[in-house]
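What follows is a short report on a single structure.
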Amino acid sequence: MCSSDLSSFLLSPEQLRQIRKLPGVKACSGIVEQKALLAHEDLQTIVYLKGVDDEYSLVSGVDEKLIRGSFQLGTQDQPAIVLGGGVENILAVDVERGLLPLTLYVFEPGSTSGFTPSYVAETIRPSGTFFIQQDIDGKYALTNIASLQRMLNWSGQQYSSLELAVSDPQQVEEVKGRLEKILGTGFRLENRYQQNSSLYQVMRMEKWAIYLILTFMLGVAAFTLVGALTMLVMEKQKDIQVLKAMGSSAFRIQKIFLSLGLFLGVAGGMLGLLLGLAICWAQLQFKLVAIQ
2 MCSSDLSSFL LSPEQLRQIR KLPGVKACSG IVEQKALLAH EDLQTIVYLK GVDDEYSLVS
62 GVDEKLIRGS FQLGTQDQPA IVLGGGVENI LAVDVERGLL PLTLYVFEPG STSGFTPSYV
122 AETIRPSGTF FIQQDIDGKY ALTNIASLQR MLNWSGQQYS SLELAVSDPQ QVEEVKGRLE
182 KILGTGFRLE NRYQQNSSLY QVMRMEKWAI YLILTFMLGV AAFTLVGALT MLVMEKQKDI
242 QVLKAMGSSA FRIQKIFLSL GLFLGVAGGM LGLLLGLAIC WAQLQFKLVA IQ
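Numbering (my numbering), first residue to last: 2 to 293.
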């Protein structure tokens, strides 16, 4: 994502064309984002409203995450809105039933902190619902960029940010360098990991926690196996004495019990692996546990 240190910035059509033609850039979408209030009858919620252009679906793939309706954003004068699943639930809206339009209150930039914020009110028709993840679905909604620029009294060349998709993730740093030459200073360029640094940090911590738990489980299993072999040796004392009387050495007897332990460990590991793969396959095929 590319954004300015200010609340908005101007980008000429020539600059936008140059960015879209950069080597490694798959798609580029201009974004206008502003807080807004959505109301439906007696229900209302604050959302982050994103005005996006036609290339946004190529950048984000959000049109593939629709669970209801269609990805229709309307026009400048008759905008439509695509809601996150959490926003839809809060407002008790079902886009497939053709309910009454929503009332949209768009706050002017910098006015939401005052006691009497300035806003523009319009009716807007819900057209679809997307489902990505809880944090996003509960606070974001999408509409036509031209309509949001009109509500904010912005020009058609004024944006809050740009979102880009690259052809090869390995070329992100190269693309960032090329963008800096076109845009100059005063812009902040962030990749996906930098934009969601806290989320990825939590995911890394979860990964290490899982490794730690699995290591602990393997340690417990190893001690359990050692204990089981120890009990087996104690129970087989008479058999061990018979083997010694028949001429078996202590090393040979030890080798018998070590081979038994190795067999139990390998057989148990293989059985657990096959059982885990079978459960994963069944989950993917039959959705045994629904993941919301």
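Glycine included, C-beta positions come from ideal geometry on N, C-alpha and C. Note that this is a predicted model, so its numbers are computed, not measured.
Query, Result
"Which listed residue (Asp54, Lys237, Thr186, Glu89) has its alpha carbon closest to that of Arg69", "Glu89"
"Contact with chain D by Lys66, beta-carbon distance below 8 Å", "No chain D is part of this structure, which consists of one protein chain only."
"Close Cβ partners of Thr76 (< 8 Å) along its chain, the five nearest in sequence each way excluded", "Asn145, Ala147, Ser148"
"Simplified DSSP assignment, three categories, for Ile47", "strand"
"Phe131: first and last residue of the uninterrupted beta strand (DSSP E) it sits in", "120–131"
"CA-to-CA distance, Gln158 to Leu276, given in whole angstroms", "58 Å"
"Length at least 3, wholly inside the stretch 170–257: the beta strand (DSSP E) runs in chain order", "188–190"
"Straight-line Cα distance separating Leu92 from Ala81", "16 Å"
"Validate contact between the stretch 183–192 and the stretch 30–47 using beta carbons, cut 8 Å, 3 pairs", "no"
"Bridge partner(s) assigned by DSSP for Tyr141", "Tyr49"
"Val33 - containing beta strand (DSSP E), residue span", "26–41"
"Buried or exposed (CB count within 10 angstroms, at least 16 for buried), Ile280", "exposed"
"Whole-angstrom C-beta distance between Gly129 and Val94, which should lie under 8 Å", "Contact flag wrong, Cβ pair sits at about 11 Å."
"Alpha-carbon spacing of Pro110 relative to Val121, whole angstroms", "11 Å"
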